[in-house]
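S.K.:
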Amino acid sequence: MYAKKNLIYTVVTVIFVFLAGWQGSHYYYFASEHSSRVPSTRTPDSKLTIDNPKSVDMSLFWTVWQKIDSRYVNGDQILDDQNFIYGSIKGLVNSLHDPYTVFMTPEETKEFEENLQGSLQGIGAELNVEDGFLVIVSPLKNSPAERAGLLPGDIIFLIDGETANEMSLFEAIMNIRGEKGTEVTLTIIRENVKEPFDVTIVRDDITIESVTYELLEGNIEYVSINQFSDNTGDEFDEAVGDILLNNPDGIILDLRYNGGGYLDIAVDIASEFISGNKPVVLLKTRNEDDNEIFYVDNKVRLPEIPLVVLVNKGSASASEILAGAIQDHKRGIIMGEQTYGKGSVQEIDVLEDGSSLRLTIAKWLTPSGRDIEEVGIMPDRVIELSPEDLENDIDSQLEEARTYLTNL
């Protein structure tokens with residue numbers, strides 16, 4: 179039903195990925211780039227129509243336009259009709275109060291697409307706008323942001339001394355991005371910390387291995403999925419082959435700090451663990467006829483090995499789809515912290531002038547029908563990392579998971 183975009187990061191966003199400057203904790207697609215992987219029911223040139231145009235009175239809009247155009251004091255210097263149009267559209271979109279629905283000008287859209295296709299440099303963190311504040315959803319694993327100690331839930335108050343919530347999201351992105359070796363100073367507000375504090379981060383190349391794995395003591399296989407991208411399926415397939423050769427007594431699937439990615443990759447990975455013709459995720463749209471259920475593909479190779487899934491506040495979107503399916507079907511134990519709570523789907527329409535609209539078009543639910551938007555997945559066993567654990571680089575969540583599987 180939904181076509182896949184040409185690379186994972188949208189983000190999301192949404193969560194925007196600051197390794198390249200754009201959001202990554204969501205899955206969504208470009209409506210103008212259909213994919214055979216998840217076919218679309220919409221056409222690239224579809225246009226919004228109003229059933230009764232006469233019911234929309236635009237006279238007030240044109241009155242304000244004309245007053246600005248004729249009387250604004252600096253009009254001769256800065257007024258531009260096209261910027262009027264773009265600003266008006268952004269105001270229309272912003273009136274939805276949906277941080278995941280965004281209009282981008284041609285320049286912003288081009289920057290977005292180039293970031294997705296080129297080499298990535300930045301700090302490596304996924305961010306979202308929440309209640310008007312720029313918030314860290316997840317620092318990427320082994321990124322400058324993670325090494326600097328940034329945590330999910332941190333609010334970025336200042337960027338190099340400039341107030342972040344006075345910037346547009348795109349402006350904030352561009353101020354945080356930069357060339358490898360340069361510095362950016364973020365002023366952070368953190369829960370349970372009395373005063374804001376500065377974190378200076380040296381920007382770097384950001385490389386993300388989708389899947390890493392190793393055999394731990396006690397014959398426990400540890401598999402970390404860092405994102406759900408084009409490469410993730412092949413990398414996880416290779417990991418499963420090695421896991422079967424090792425014949426482990428348990429598997430730890432680490433989805434912490436994984437901001438998401440493609441829906442179908444999450445379904446593919448769930449299919450390795452869940453047997454039977456069972457649902458993985460339900461998509462609910464405005465038109466009930468377009469609702470869809472995604473099922474496992476019945477190619478399960480790991481249906482019986484005891485499983486623990488690790489999650490935290492940085493686990494979002496596709497990570498939550500996978501964790502929710504595992505939990506609902508009681509295939510494994512979810513451990514760690516409550517997840518982020520990103521339960522919507524975005525579509526990207528590239529418009530005729532090169533601008534684009536990222537629009538929330540669906541919600542997704544877990545197999546049992548749970549809506550996790552702003553709620554997240556609650557672990558079966560809540561294990562929070564203490565400040566002392568973080569300071570001393572102690573992973574008590576991973577250790578608890580290993581101990582649990584060893585004692586089965």
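Per the working numbering, the sequence shown starts with residue 179, numbered consecutively.
Don't be surprised by glycine CBs; every beta carbon is placed ideally from N, CA and C.
Just tell me which of D432, V445 and D383 has its CA closest to the CA of E399.
M.R.: Of D432, V445 and D383, the residue nearest in Cα terms is D432.
S.K.: Please report how far the alpha carbon of S534 lies from the alpha carbon of N306, in whole angstroms.
M.R.: One C-alpha to the other measures close to 19 Å.
S.K.: Given a threshold of 16 other Cβ atoms within 10 Å of its Cβ, counted over all protein chains shown, does M513 qualify as buried or as exposed?
M.R.: Buried.
S.K.: Does DSSP classify T517 as helix, strand or coil?
M.R.: DSSP places T517 in coil when its eight states are reduced to three.
S.K.: Write down the C-beta distance between G439 and Q405 rounded to the nearest angstrom, noting that I regard them as a contact closer than 8 Å.
M.R.: Right, the Cβ-Cβ distance comes to about 5 Å (below 8 Å), so this counts as a contact.
S.K.: Taking just the CA atoms, how far does T363 sit from L500?
M.R.: So the two alpha carbons sit approximately 35 Å from each other.
S.K.: Should G428 be labelled buried (16 or more other beta-carbon atoms within 10 Å of its own) or exposed?
M.R.: Buried: at least 16 other Cβ atoms inside 10 Å.
S.K.: Output needed for I550: all residues of its chain with C-beta closer than 7 Å, excluding positions within five of it in sequence on either side, in chain order.
M.R.: E498, G502, G519, G521 and T544.
S.K.: Report the three-state DSSP secondary structure of A323 (helix, strand or coil).
M.R.: A323: helix per DSSP, three-state reduction.
S.K.: Distance, Cα to Cα, G547 vs T279?
M.R.: Going from the Cα of G547 to the Cα of T279 covers about 24 Å.
S.K.: Buried or exposed, going by whether 16 or more other CB atoms sit within 10 Å of the CB of P374?
M.R.: When all chains shown are included, P374 counts as exposed.
S.K.: Taking one C-beta from the segment 389 to 396 and one from the segment 300 to 317 each time, how about it: are there three or more such pairs within less than 8 Å?
M.R.: As far as the Cβ criterion goes, the segment 389 to 396 does not touch the segment 300 to 317, which means the pair count is below three.
S.K.: Quick one: is M236 near chain C, going by C-beta distance under 8 Å?
M.R.: Considering every chain present, this structure includes no chain C. It has just one protein chain.
S.K.: If Y435 and S316 are in contact, beta carbons under 8 Å, what's the gap, nearest whole angstrom?
M.R.: Y435 to S316, Cβ: 5 Å. Contact.
S.K.: Enumerated in chain order, which unbroken segments of the beta strand (DSSP E) with a length of 3 residues or greater are wholly contained in the segment 393 to 478?
M.R.: Listed in chain order, they are 398 to 403, 428 to 432, 457 to 463 and 470 to 473.
S.K.: Applying the criterion that 16 or more other CB atoms from any shown protein chain within 10 Å of the CB defines a buried residue, is G300 buried or exposed?
M.R.: Counting Cβ neighbours within 10 Å, G300 comes out buried, since at least 16 surround it.
S.K.: Please report the straight-line C-alpha distance between G411 and L336, rounded to a whole angstrom.
M.R.: Taking the straight line from one Cα to the other gives about 38 Å.
S.K.: Comparing alpha-carbon positions, which option in P426, N370 and G437 lies nearest V489?
M.R.: Comparing Cα-Cα distances from V489 to each of P426, N370 and G437, the minimum goes to G437.
S.K.: To the nearest whole angstrom, what separates the beta carbons of Y473 and V487, a pair I think is in contact under 8 Å?
M.R.: At roughly 20 Å, the Cβ-Cβ gap does not stay under 8 Å, so Y473 and V487 are not in contact.
S.K.: From V560 to K491, what does the alpha carbon distance come to, in whole angstroms?
M.R.: Each residue's Cα considered, the two are about 12 Å apart.
S.K.: So the candidates are A579, V271, P330 and T581; which of them puts its Cα closest to the Cα of A494?
M.R.: Answer by Cα proximity: P330.
S.K.: How about R368 and D332: are their beta carbons less than 8 Å apart?
M.R.: Yes; because the gap between Cβ atoms is below 8 Å, this pair is in contact.
S.K.: Per DSSP, what kind of secondary structure is D382 in: helix, strand or coil?
M.R.: DSSP places D382 in strand when its eight states are reduced to three.
S.K.: From the DSSP output, in three-state form, read off A494 for me.
M.R.: A494: coil per DSSP, three-state reduction.
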